[in-house]
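What follows is one structure encoded as structure tokens, with my remarks underneath.
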Amino acid sequence: MATDGNLDVVVICGSLRKGSYNAALARTLPRLVPKTMKLRDAPPFDRMPHYNHDIQDADGFPAEVKVFADAIRSADGVIIVSPEYNWTIPGALKNAIDWVSRMKDQPFLNKPVALQSCAGGVLGGARMQYHMRQSLTSIDAILFGRPEILVTFAAKKFDEKTLALTDQPTIDIVTQQLAAFDKFIRRVKD
Ligand SMILES: Cc1cc2nc3c(=O)[nH]c(=O)nc-3n(C[C@H](O)[C@H](O)[C@H](O)COP(=O)(O)O)c2cc1C
Numbered sequence: 020m021a022t023d024g025n026l027d028v029v030v031i032c033g034s035l036r037k038g039s040y041n042a043a044l045a046r047t048l049p050r051l052v053p054k055t056m057k058l059r060d061a062p063p064f065d066r067m068p069h070y071n072h073d074i075q076d077a078d079g080f081p082a083e084v085k086v087f088a089d090a091i092r093s094a095d096g097v098i099i100v101s102p103e104y105n106w107t108i109p110g111a112l113k114n115a116i117d118w119v120s121r122m123k124d125q126p127f128l129n130k131p132v133a134l135q136s137c138a139g140g141v142l143g144g145a146r147m148q149y150h151m152r153q154s155l156t157s158i159d160a161i162l163f164g165r166p167e168i169l170v171t172f173a174a175k176k177f178d179e180k181t182l183a184l185t186d187q188p189t190i191d192i193v194t195q196q197l198a199a200f201d202k203f204i205r206r207v208k209d
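If you're matching positions, the sequence shown starts at 20 in this note's numbering and goes up one per residue.
Structure follows, in structure tokens:
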């Protein structure tokens, strides 16, 4: 926690594409967070090699992995905003989690994590979220519960041209989640 009492929270976006709805939601968060929470983007993870223990043995952890892990380790909490790919976690993001999970000073240990997802369909990325809960619980992260943010039929919730989030009920519930996540982090912190 910063000396001013504000929380330092890292935002990880699971989609790599420019026109991503999840990235658009992540860009909306700074104006919806409580004044006591400051957000920063996670370093990129798309250049990490596919996890392979031999790489770790030969050269140690790749630089991108170390930088990504440091950002998580030094934060008070993490917000993951991600699509669902084929009913689960997108491969590039899962690869990043697999890499950092092998570190001695594992960055997700006791880390409060909130989840958000946007998807084209009716489930809003729910299956990704439940797989993410399972995966991050296996490495001792502390998962925030409710309200859940599942942005269904994402194309209808964002402006077609600017990708600004326009759906007021979504704006409201995201604002509620961020306020509740702020309280949650303070409650679970050592
Ligand atoms: C490889 C792939 C798999 C997908 N699988 C699912 C899925 O399982 N469930 C779902 O709701 N949408 C799925 N979609 C559609 C995504 O919800 C949609 O493309 C969404 O816009 C992706 O998020 P983004 O806009 O942040 O990139 C899939 C899309 C891709 C590219």
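Beta carbons: idealized from backbone N, C-alpha and C, even for Gly. A quick note: this is a predicted structure, and the numbers were derived from the prediction, not measured.
Taking C-alpha atoms, which residue in the options lies nearest to residue i?
| i | options | result |
| --- | --- | --- |
| Ile6 | Val30, Gly33 and Pro49 | Coverage of the chain is limited to positions 20 through 209, which leaves residue 6 absent and any answer about it impossible. |
| Pro131 | Ala145, Gly144, Leu184 and Lys208 | Lys208 |
| Cys137 | Leu169, Ala198 and Ala115 | Leu169 |
| Leu162 | Ile98, Ser34, Asp89 and Pro109 | Ile98 |
| Lys123 | Gly79, Asn105 and Leu155 | Gly79 |
Using DSSP's beta-bridge definition, name the partner residues of residue i.
| i | result |
| --- | --- |
| Pro131 | Ile161 |
| Ser34 | Paired residues: none, contrary to the question. |
| Thr107 | Tyr104 |
| Asp27 | Lys57 |
| Gly143 | Gly143 is not bridged to any residue. |
| Phe177 | Leu184 |
Looking only at its own chain, which residues have a Cβ that is under 6 Å from the Cβ of residue i, when we skip the five neighbours before and after it?
| i | result |
| --- | --- |
| Asp159 | Leu128 |
Which first and last residues belong to the alpha helix (DSSP H) in which residue i is found?
| i | result |
| --- | --- |
| Ile192 | Gln187 to Val207 |
| Asp60 | Per DSSP, Asp60 belongs to no alpha helix (DSSP H); it is in the beta strand (DSSP E), Met56 to Asp60. |
| Val170 | Careful: Val170 lies outside any alpha helix (DSSP H), inside the beta strand (DSSP E) at Ile168 to Val170. |
| Lys85 | Ala82 to Arg92 |
| Tyr70 | It is not in any alpha helix (DSSP H) - Tyr70 carries neither H nor E in the DSSP assignment. |
I'd like to know whether the C-beta of residue i is nearer than 8 Å to at least one C-beta of chain B.
| i | result |
| --- | --- |
| Asp27 | The structure shown contains no chain B, having only a single protein chain. |
Let me know if residue i comes out buried or exposed under the rule of 16 or more other beta-carbons within 10 Å of its beta-carbon.
| i | result |
| --- | --- |
| Val141 | exposed |
| Pro102 | buried |
| Gln153 | exposed |
| Lys175 | exposed |
| Asn41 | buried |
| Ser157 | exposed |
| Pro188 | exposed |
Leaving aside the five residues before and after residue i along the sequence, list all residues of the same chain whose C-beta is less than 8 Å from its C-beta, in chain order.
| i | result |
| --- | --- |
| Leu26 | Met20, Thr55, Met56, Lys57, Asp95, Gly96, Asp201, Ile204 and Arg205 |
What residues in its chain sit with their C-beta under 7 Å from that of residue i, if we drop five residues either side in the sequence?
| i | result |
| --- | --- |
| Leu155 | Phe127, Val132 and Leu162 |
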